[in-house]
Structure formats: structure tokens, C-alpha cells
Amino acid sequence: MAVEEVPVLTIDGPSGAGKGAVSAAVARALGWHALDSGAVYRSIALAALERAVAPEDESALVALARSVHLTFRAGADGIDVYLDDRDVGDSLRTEAVSVMASRVAAIPALRAALLELQRAYRRRPGLVADGRDMGTIVFPDAGLKVFLEASVEERAKRRYKQLKEKGESVMLSRLFRDMQARDRRDRERAVAPTVPATDAVVVDSTRLSLKEVVEHVVGLARQRFGELAPKETNQ
Ligand code: C5P
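Add 5 to a position in the sequence shown, counting from 1, and you land on the number used in our numbering.
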């Protein structure tokens, strides 16, 4: 099977819409690989923060993106991310890294430097890729493109719950404001803005449970990909 024949399902959308959890569950149900492109941007952001590279320093960021070694390995509960062989899972989710990721992600040269790395995840039997520009820029020929939305209030609440469960002290009003600002930056930036591809199916998860969204997307995948999206599931 040539690489362009390997089926791809993209799941794009704003922060907190549930892309990560939905993508992981859909990939598991189909037995496909998963690419969390947000984790790619977050890893670069973490490396930049640790090495005191400024978000304005384009060439240093591009050099950083070319020099770091990123690996994703299936762990006990989800995908573990290794930055230069160090498990960075927990450090990627802090607010400082979220803000830095959104800033560095607005740099065209950095996005270009990360294209090939992301496309290399397209491997048999198939790939579920989640992010902002998976369906528009990275995999424009994907066989199924989903754009997952939810109201900003609902997304801030979900994030608040997640952080609380991890013992982080946060304020809902602050999260709401940060999320609105980040949404605006991601949606209005000149390169790869967070907008649905013209051929994307828009799914609003505001009033749906994770399970309902996963079932819906797996159903769409089975319709679209037929026998390439096998029935056997261990969700
Ligand atoms: O999805 P997640 O919140 O982990 O992404 C972190 C940041 O990385 C986002 O705020 C966004 O700016 C950026 N990102 C992006 N393109 C992607 C995935 C993430 O610009 N494909």
C-alpha cells in the first residue's frame, strides 16, 4: 500500500473540545495509529521554555524543532510522550506550556519544519490525527475529516475539572478568559488557523458524552472507509 493510500481520519477543533480523548478512543476502536499534533507543539514549547528560547526567536525555534527527538509510545493510560528520551507527559499540560505552544504555533517557519515529522505517522493500517490543521494542511487528502466543537463555557469547565483532578489550583474565570484568548489566536492567525476544512463534518460535543461522540465518529469512519475500518473493537 503506497503511503497516500493509507487511510487517514482527521479530528480538528479548538482546545478542550475533547479531540484528544475522542481520537485515542477512535484509534483504539479502529486499530489505527494516533497522532496528537498538539503534543508535538507542546513538546517544542516545553523545550523552548526549558532552554530559555524566546517565542519571538524564529530561527532558534526552528533549530530546536529540528534537533529535538520526539517519540510517542503507548503507555498504561494513553500515549506517553518522550522528549529526547525523557517522559514529559505531565509537563506538557501545564498552563505555561499551553500558552507558549499557542504562541510558537503561530510561526509559519516552525509549522513548516514540523510538517514532515507529522506526515511520517501515516502508516498502515491507518491514522487518526488530531489538532487544528490536520484536515486543512497536514493531510488535505484525508478520507474523513471531523471538526469537533463545543461552547467555550463547556470547554473551560471540562479543563477546570481535569486540572482540579490533578490537584492544580485554578480559577474557572481565568481558564475561561485564557481559553477565549487562545481560541482567538488559533482561529485568527495567518497560518493554519483553526477552521473546519471545507469538506469536514462538524460535530458539536457540547451536549454529548465522550462515549456518544466516539460512537458517532467510529460510525462515520465505518461508513467512509468500509473494510479498512475493521469492526473488532476493544474500547
Ligand atoms: O491541542 P492542544 O491544546 O494540545 O494544542 C496546543 C497548542 O498547539 C494549541 O493552542 C495550538 O495553538 C497548537 N496546535 C496547532 N496545530 C495543531 C495542534 C496544536 O497550532 N495541529
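By construction, the Cβ of each residue, glycine as well, lies at the ideal position given by its N, Cα and C atoms. Being a predicted model, the structure only gives us computed values, none of them experimental.
What does a CB cutoff of less than 6 Å around residue i pick up in its chain, not counting 5 residues either side in sequence?
i           : result
residue 21  : 160, 163 and 164
residue 47  : 97, 102 and 106
residue 54  : 105
residue 128 : 38
By Cβ distance, which residues of its chain are closer than 7 Å to residue i, with the 5 residues on each side in sequence left out?
i           : result
residue 173 : none
residue 109 : 46, 49, 50, 53, 60, 66 and 115
residue 171 : none
Which of the three DSSP states is assigned to residue i in this structure?
i           : result
residue 144 : coil
residue 136 : strand
residue 189 : helix
residue 150 : strand
residue 39  : strand
residue 207 : strand
residue 95  : helix
Apart from the five residues on each side of it in sequence, which residues of its chain come closer than 8 Å, Cβ to Cβ, to residue i?
i           : result
residue 84  : 29, 39, 41, 44, 77 and 78
residue 225 : 149, 151 and 206
residue 73  : 48, 49, 52, 88 and 89
For the candidate residues the options, whose alpha-carbon lies nearest to that of residue i?
i           : options              : result
residue 2   : 123, 108, 49 and 125 : Only positions 6 to 240 of the chain appear in this structure, which leaves residue 2 out of reach.
residue 212 : 171, 181, 155 and 6  : 155
residue 216 : 24, 13 and 7         : 24
residue 151 : 73, 231, 119 and 223 : 223
residue 207 : 178, 18 and 231      : 18
Using a 10 Å radius around the Cβ and a threshold of 16 neighbouring Cβ atoms, would you call residue i buried or exposed?
i           : result
residue 210 : buried
residue 13  : buried
Using DSSP bridges, identify the partner residues of residue i.
i           : result
residue 112 : Answer is none; residue 112 lacks a bridge partner.
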